[in-house]
Amino acid sequence: MKFENLKSVFHSIYPVYPIKEVLEYLRGEGSIDANGEEKVIDFFQTNPQVISKMSFPWYINLIVVIGAWVAAGFFISALSIARFIVWDSSESMLPWGGVLIIAAVLLYYYLSRKQKARKEAYGIQQVFLSQIALVFSVAGHFLVLFGVARPYHSITSSVFVVFLTSGVLCILLYPLVRNFLHRFLSCLLFGVMAFTWILEHKYTHHWLHLLILVYLSVLFITLGYFSPWKPRKKDVQPITYAVILTLLVLLLVVQFPEAVIQTPWYPSNIIMALVLISLSLRIARENHIKLSLKGPVIVGLLGVLCLIVLSTPGLIASVILSVFAFHERNNILKAAGLLFFILFVYMFYYNMNITLDVKSGIMAGTGLVLIGFRQYLKRCSFEVEDTAPHIEQ
Amino acid sequence: MADQKAESNQKGKTRDEILKSPMKSSLIESLYDAQVIDAHVRDEAISYVQPSLNWRYWIDKFLLFLGAALVLAGIIFFFAFNWEKMARSVKFGIIEAGIIACIAAVFIIGRQTLTGKVFLFCASVLIGVFLAVFGQIYQTGADSYEMFLAWALLIFGWVVISKFAPLWLFWLAIVNICIGLYWNQILIPGLKAYDDVMWLVLSLIDIIALVLYFLGRYRDIEWLKTDWYYRLIYGFILYYLSAGAIQYIVNELHSSVFLLLMFVVFGLISVWFFRFKVPDIVALTLAGFSFCVILLTQIGYYFFKGNHAQWIESLLAFLFGLVVIAVCSLVIYVLLKISRSIEKESSRREA
Chain A
140 MKFENLKSVF
150 HSIYPVYPIK
160 EVLEYLRGEG
170 SIDANGEEKV
180 IDFFQTNPQV
190 ISKMSFPWYI
200 NLIVVIGAWV
210 AAGFFISALS
220 IARFIVWDSS
230 ESMLPWGGVL
240 IIAAVLLYYY
250 LSRKQKARKE
260 AYGIQQVFLS
270 QIALVFSVAG
280 HFLVLFGVAR
290 PYHSITSSVF
300 VVFLTSGVLC
310 ILLYPLVRNF
320 LHRFLSCLLF
330 GVMAFTWILE
340 HKYTHHWLHL
350 LILVYLSVLF
360 ITLGYFSPWK
370 PRKKDVQPIT
380 YAVILTLLVL
390 LLVVQFPEAV
400 IQTPWYPSNI
410 IMALVLISLS
420 LRIARENHIK
430 LSLKGPVIVG
440 LLGVLCLIVL
450 STPGLIASVI
460 LSVFAFHERN
470 NILKAAGLLF
480 FILFVYMFYY
490 NMNITLDVKS
500 GIMAGTGLVL
510 IGFRQYLKRC
520 SFEVEDTAPH
530 IEQ
Chain B
60 MADQKAESNQ
70 KGKTRDEILK
80 SPMKSSLIES
90 LYDAQVIDAH
100 VRDEAISYVQ
110 PSLNWRYWID
120 KFLLFLGAAL
130 VLAGIIFFFA
140 FNWEKMARSV
150 KFGIIEAGII
160 ACIAAVFIIG
170 RQTLTGKVFL
180 FCASVLIGVF
190 LAVFGQIYQT
200 GADSYEMFLA
210 WALLIFGWVV
220 ISKFAPLWLF
230 WLAIVNICIG
240 LYWNQILIPG
250 LKAYDDVMWL
260 VLSLIDIIAL
270 VLYFLGRYRD
280 IEWLKTDWYY
290 RLIYGFILYY
300 LSAGAIQYIV
310 NELHSSVFLL
320 LMFVVFGLIS
330 VWFFRFKVPD
340 IVALTLAGFS
350 FCVILLTQIG
360 YYFFKGNHAQ
370 WIESLLAFLF
380 GLVVIAVCSL
390 VIYVLLKISR
400 SIEKESSRRE
410 A
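For the record, the sequence lines run as chains A and B. Mapping of the first sequence onto our numbering: residues 140 to 532, in sequence order. Mapping of the second sequence onto our numbering: residues 60 to 410, in sequence order.
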């Protein structure tokens with residue numbers, strides 16, 4: 140059976156643009172001239188490792204992470220069975236943890252040097268070594284964090300020390316290890332420990348608003364908004380992704396009845412609504428979307444106001460994630476935004492302090508309003524300038 | 060030509076090879092970082108290789124599906140709350156009214172439109188709600204698999220005419236649940252030892268669904284053009300086969316050996332298919348992950364079977380950690396190589 144037909148369908152779904160085609164497009168648009176085109180080709184000829192360097196898609200990264208955690212577990216077990224690590228004493232955990240982290244940093248350094256020197260693609264040896272480096276780092280982090288928490292008897296103090304230590308490790312290791320996954324996991328750990336520490340304190344829950352403000356400020360700084368300093372995307376991308384994921388995890392955790400949050404959510408709702416509006420306007424401007432048709436814009440703003448009044452903060456945050464996904468042109472983030480949105484809708488209705496009867500009416504009513512809003516949007520439409528290339532899916 | 064070869068040896072790739080290489084956003088960022096292009100050109104190039112996601116399309120679908128889901132959830136909650144107070148006729152009446160309303164909407168809007176398809180989906184869900192209510196009111200004593208069987212049979216006609224892949228998947232899920240329940244409630248209640256045959260049957264049914272899906276795609280059927288449908292089915296097949304194979308390894312259940320063999324045969328065929336016929340690195344990653352799990356279970360079983368001295372256990376744990384890294388690295392390396400080859404083939408095609 141000939142599968143050419145099938146293949147062509149798949150290739151239309153995964154468009155791949157050769158360098159030649161992109162250069163032709165840029166020349167056609169008048170963005171670069173023949174000289175600029177030569178510069179680009181010359182850059183790739185003199186830096187072949189740029190083309191050869193393989194970026195790991197998220198699903199392959201998932202195997203890397205799962206493999207690393209499992210292997211780290213066995214390494215720690217091996218140290219424990221051999222009595223190199225004694226769980227009752229931090230003196231045995233800290234040195235081993237420190238040694239493993241240093242070994243991981245050295246391995247990562249060796250790998251980056253080797254890649255620069257040889258200008259080669261990822262080979263089996265590099266993949267194996269980078270996997271070992273991640274395993275060492277995971278095991279090292281685990282031992283160090285357990286080691287520093289061990290002497291403290293109260294959970295609050297232990298969590299505080301772990302939060303501080305994870306912060307120190309994150310700040311120290313970020314410039315040293317240039318691996319995306321390592322940086323992302325390190326920032327994620329720090330962010331998660333920050334809100335875990337606040338949640339542990341019954342009387343400091345209002346600090347969560349400050350923490351959310353910090354997360355959002357970091358997000359904006361890494362995106363290069365409101366700042367004269369525009370960071371290099373590849374340098375700050377792990378922070379951006381970790382921050383937005385931490386924010387959503389925080390807002391999910393506080394929904395659980397066990398969290399018993401003792402603070403009103405209005406401050407965070409207002410902060411996030413302002414961020415959402417400002418992010419949307421900025422992205423609309425960057426994507427040449429004219430907001431001249433007032434109807435949908437006004438409805439959208441009213442929707443945001445309704446979210447402030449009615450919602451759990453997670454709903455606004457998941458919309459922020461979706462908008463950010465459009466900015467990043469990232470389908471995975473888009474799907475994550477959608478999943479979080481559905482999850483927060485579920486949590487919202489679950490936590491409502493009303494009878495199931497009223498709840499069912501509100502749910503069905505909301506559903507009808509959403510379907511009605513869809514019909515309304517279909518009638519109105521935003522004007523999109525044709526200056527930006529645009530492909531309809 | 061000779062000059063070009065010499066240049067190639069000195070600098071890595073020839074001009075032609077470079078021009079045919081795929082341009083990715085990371086390459087464009089590298090050009091910007093090296094100040095070869097300015098910010099404006101970078102934005103233009105990124106917009107070209109990663110066109111804006113079509114937000115209008117996305118919002119449209121999102122509002123439709125979330126709206127429909129909330130309406131359905133509202134109806135189900137309403138029933139849950141008022142269950143005791145309602146007369147039988149009211150209970151049946153409301154559900155039947157819902158089904159009729161959905162079908163009427165399909166006739167008015169048309170089953171070719173997405174809204175019509177979503178209404179057909181809602182009607183199919185309500186049939187299941189109706190059967191559950193029927194079973195509760197009349198206490199027929201029927202096994203729960205019968206409800207799923209009746210559900211699958213009753214909605215099958217709608218599934219066929221819907222031309223809607225999510226409804227097909229929903230139907231397939233009902234069939235899978237039905238078989239699972241039938242196996243445990245009728246054939247071999249309590250005899251877990253024969254679960255392997257159930258895994259086999261379930262995987263065979265999903266394999267047939269997968270083959271039919273690709274035949275449909277081969278015929279260029281428009282509504283089958285979304286990848287996650289077949290990836291979901293493929294994931295479930297791998298899950299069933301892996302579960303059976305792990306049962307063989309861990310419980311030393313020799314009757315399950317054919318599941319391990321089937322995993323190997325199906326794995327090889329599907330890897331060949333997703334590598335050469337329909338290149339898809341996500342499906343290959345699923346296969347790679349299953350391979351890792353089964354291989355590591357097998358090795359781990361041999362390592363930790365029986366009692367050993369403390370130092371041997373420690374050594375084995377350390378060695379197994381290394382084996383985990385080695386197996387994962389190997390799979391990742393192979394996947395990266397294949398991913399690179401697929402990209403190259405695609406860019407050659409585009410060029």
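Every residue, glycine too, gets a C-beta built ideally from N, C-alpha and C.
C-beta atoms of residue i and residue j nearer than 8 Å
i, j, result
"Ala127 of chain B", "Val177 of chain B", "yes"
"Ser262 of chain B", "Leu300 of chain B", "yes"
"Lys335 of chain B", "Leu343 of chain B", "Going by the sequence as given, residue 335 of chain B is Phe instead of Lys. Result no, Cβ atoms of Phe335 of chain B and Leu343 of chain B do not sit closer than 8 Å."
"Ser457 of chain A", "Lys473 of chain A", "no"
"Met82 of chain B", "Val108 of chain B", "yes"
"Ile220 of chain A", "Gln369 of chain B", "yes"
"Arg166 of chain A", "Glu177 of chain A", "no"
"Ile162 of chain B", "Phe207 of chain B", "no"
"Phe121 of chain B", "Ile154 of chain B", "no"
"Leu503 of chain A", "Leu129 of chain B", "Going by the sequence as given, residue 503 of chain A is Ala instead of Leu. In this structure, Leu129 of chain B lies closer than 8 Å to Ala503 of chain A by Cβ."
"Ile240 of chain A", "Met232 of chain A", "no"
Exposure label - residue i; buried when at least 16 CB within 10 Å
i, result
"Asp254 of chain B", "buried"
"Glu88 of chain B", "buried"
"Ala132 of chain B", "buried"
"Leu321 of chain A", "A small correction: the amino acid at residue 321 of chain A is His; Leu does not occupy that position in the sequence shown. His321 of chain A is buried by the Cβ-count criterion."
"Glu103 of chain B", "buried"
"Glu230 of chain A", "exposed"
"Gln270 of chain A", "buried"
"Arg101 of chain B", "buried"
"Ala211 of chain B", "buried"
"Leu99 of chain B", "What sits at residue 99 of chain B in the sequence shown is His, not Leu. Exposed is the call here."
"Asn243 of chain B", "buried"
"Tyr156 of chain A", "buried"
"His280 of chain A", "buried"
"Trp230 of chain B", "buried"
Cutoff 8 Å; reference residue i; Cβ partners in own chain excluding five residues on either side
i, result
"Ala201 of chain B", "Gly194"
"Lys284 of chain B", "Arg276"
Cutoff 6 Å; reference residue i; Cβ partners in own chain excluding five residues on either side
i, result
"Val165 of chain B", "Gly175, Phe178, Leu179"
"Tyr354 of chain A", "Val382, Leu386"
"Ile158 of chain A", "none"
"Ile407 of chain A", "It should be pointed out that residue 407 of chain A corresponds to Ser in this sequence rather than to Ile. Once the five neighbours on either side are set aside, the close Cβ partners of Ser407 of chain A are His348, Ile351, Pro452."
Residue i, enclosing alpha helix (DSSP H) - first and last residue
i, result
"Ile199 of chain A", "197-220"
"His99 of chain B", "98-108"
"Ala475 of chain A", "470-490"
"Lys159 of chain A", "158-167"
"Val307 of chain A", "294-315"
"Asn366 of chain B", "Counting along the chain, Asn366 of chain B falls outside any alpha helix (DSSP H), and DSSP gives it neither H nor E."
"Leu78 of chain B", "74-79"
"Glu224 of chain A", "A small fix is needed here, since residue 224 of chain A is Ile in this sequence, not Glu. Element bounds for Ile224 of chain A: n/a, residue is neither H nor E."
"Trp230 of chain B", "224-241"
"Gly294 of chain B", "286-309"
"Arg289 of chain A", "Element bounds for Arg289 of chain A: n/a, residue is neither H nor E."
"Ala333 of chain A", "319-339"
"Ala412 of chain A", "405-425"
"Gly157 of chain B", "147-168"
7 Å Cβ cut-off: residues of chain D touching residue i
i, result
"Asn141 of chain B", "The displayed structure is made up of protein chains A and B, and chain D is not among them."
Sequence-distant residues of its chain with Cβ nearer than 7 Å to residue i (five each side left out)
i, result
"Phe483 of chain A", "Thr451, Gly453, Leu454, Ser457"
"Glu76 of chain B", "none"
"Val414 of chain A", "Leu355, Ile459"
"Trp282 of chain B", "Lys222, Phe223, Ala224"
Expected contact under 8 Å - CB spacing of residue i and residue j to nearest Å
i, j, result
"Arg317 of chain A", "Asp119 of chain B", "Going by Cβ atoms, the distance from Arg317 of chain A to Asp119 of chain B rounds to 41 Å, so no, they are not a contact pair."
"Ile180 of chain A", "Arg74 of chain B", "6 Å"
"Leu259 of chain B", "Gly326 of chain B", "That belief does not hold up - the Cβ atoms of Leu259 of chain B and Gly326 of chain B are roughly 15 Å apart, past 8 Å."
"Val283 of chain A", "Gly236 of chain A", "4 Å"
"Ser325 of chain A", "Leu303 of chain A", "Not really, about 14 Å apart at Cβ, beyond 8 Å."
"Ile294 of chain A", "Ile391 of chain B", "Contact doesn't hold; Cβ gap of about 38 Å is too wide."
"Val383 of chain B", "Gly206 of chain A", "6 Å"
"Ser221 of chain B", "Arg170 of chain B", "6 Å"
"Leu268 of chain A", "Leu246 of chain A", "6 Å"
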